[in-house]
Amino acid sequence: DAGVIQSPRHEVTEMGQEVTLRCKPISGHDYLFWYRQTMMRGLELLIYFNNNVPIDDSGMPEDRFSAKMPNASFSTLKIQPSEPRDSAVYFCASINGGGLGTEAFFGQGTRLTVV
Amino acid sequence: GDSVTQMEGPVTLSEEAFLTINCTYTATGYPSLFWYVQYPGEGLQLLLKATKADDKGSNKGFEATYRKETTSFHLEKGSVQVSDSAVYFCALMNYGGSQGNLIFGKGTKLSVKP
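As given, the protein sequences belong to chains A and B, one line each in that order. Going by the working numbering, the letters in the first sequence line up with residues 41 to 155, in that order. Going by the working numbering, the letters in the second sequence line up with residues 85 to 198, in that order.
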């Protein structure tokens with residue numbers, strides 16, 4: 041398997057524009073997580089899915105953020121409208137949640153810059 | 085809610101020095117505990133893990149012991165190398181009240197000088 045794949049790797053957009061980040065988890069994994077990483081706040085959990093169903097979205101900062109998982113092999117994180125404070129690295133991770141201590145596999149991240 | 089607290093960085097050490105990075109957690113239920121490492125420009129990758137009290141996780145010379153009585157999972161290495169320079173994250177995954185919730189600390193940046 042190629043691992044967790046995120047696209048794009050880098051995104052530069054103007055304030056007010058819509059941004060869509062994409063993630064393809066490892067085949068067979070039933071949990072998918074979206075994180076945001078900044079220097080100030082570290083690694084924040086935004087939302088996670090189990091079997092394509094959102095379980096906890098309490099980390100989503102505000103209504104401008106939305107996430108979907110239409111099927112087991114694809115998820116999106118959308119920001120509309122984007123703001124400069126959304127600039128961060130966004131990571132997707134997937135887990136085969138079958139047991140204790142299961143390892144999470146991370147994508148390489150999308151570096152978002154909103155100007 | 086569940087949370088992980090780890091020591092603030094950055095930590096700068098000379099090669100062959102002893103490393104400790106402190107980590108404590110708050111969680112309901114019986115979480116599994118992890119240390120992940122992030123090299124520049126990359127995603128996180130698992131370093132070691134422990135799934136129950138008194139378990140010791142180990143990998144690449146790093147160790148951490150799951151201490152339920154002190155709710156801690158401190159990372160140690162006896163002799164660091166320049167190649168260990170990275171950001172280290174403590175994490176928990178809860179199989180109790182918040183099943184499936186994978187929570188990370190803020191990370192500790194380690195720089196090892198030759």
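A virtual CB, placed ideally from N, CA and C, is assigned to each residue, including glycine.
task: Kindly indicate which residue of B:L128, B:F102, B:T89 has the alpha-carbon position closest to the one of A170 (chain B).
output: Checked all of B:L128, B:F102, B:T89; the closest Cα to A170 (chain B) is B:L128.
- prompt: How would you write the range of the beta strand (DSSP E) that F210 (chain A) sits in, first residue to last?
  reply: There is no way to answer for residue 210 (chain A), as the model of chain A reaches only from 41 to 155.
field: beta-carbon F157 (chain B) near the ligand ATP non-hydrogen atom, thresh 7 Å
entry: The model on display carries no ligand, and the ligand ATP is accordingly not part of it.
- prompt: Taking only beta-carbon atoms, is A42 (chain A) less than 8 Å away from chain B?
  reply: No, no contact with chain B.
- prompt: By the criterion of Cβ-Cβ separation under 9 Å, what are the contact partners of D97 (chain A) in chain B?
  reply: Neighbourhood of D97 (chain A) in chain B, by CB distance below 9 Å: empty, with the nearest CB roughly 12 Å away.
- prompt: Which residues share a DSSP beta bridge with E51 (chain A)?
  reply: Bridge partners of E51 (chain A) according to DSSP: A:L152.
message: Within 8 Å of any Cβ in chain A, is that where the Cβ of G113 (chain B) sits?
response: Chain A, which has no Cβ nearer than 8 Å to the Cβ of G113 (chain B), makes this no.
query: Is L130 (chain B) close to chain A, meaning its C-beta is less than 8 Å from at least one C-beta of that chain?
result: For L130 (chain B), at least one C-beta of chain A is nearer than 8 Å to its own C-beta.
- request: Taking L176 (chain B) as part of the beta strand (DSSP E), name the residues at either end of that continuous run.
  value: Per DSSP, the unbroken beta strand (DSSP E) holding L176 (chain B) starts and ends at 170 to 178.
task: Given a cut-off of 8 Å, decide if F105 (chain A) and L83 (chain A) are closer than it, judged by their beta-carbon atoms.
output: Going by C-beta atoms, L83 (chain A) is not nearer than 8 Å to F105 (chain A).
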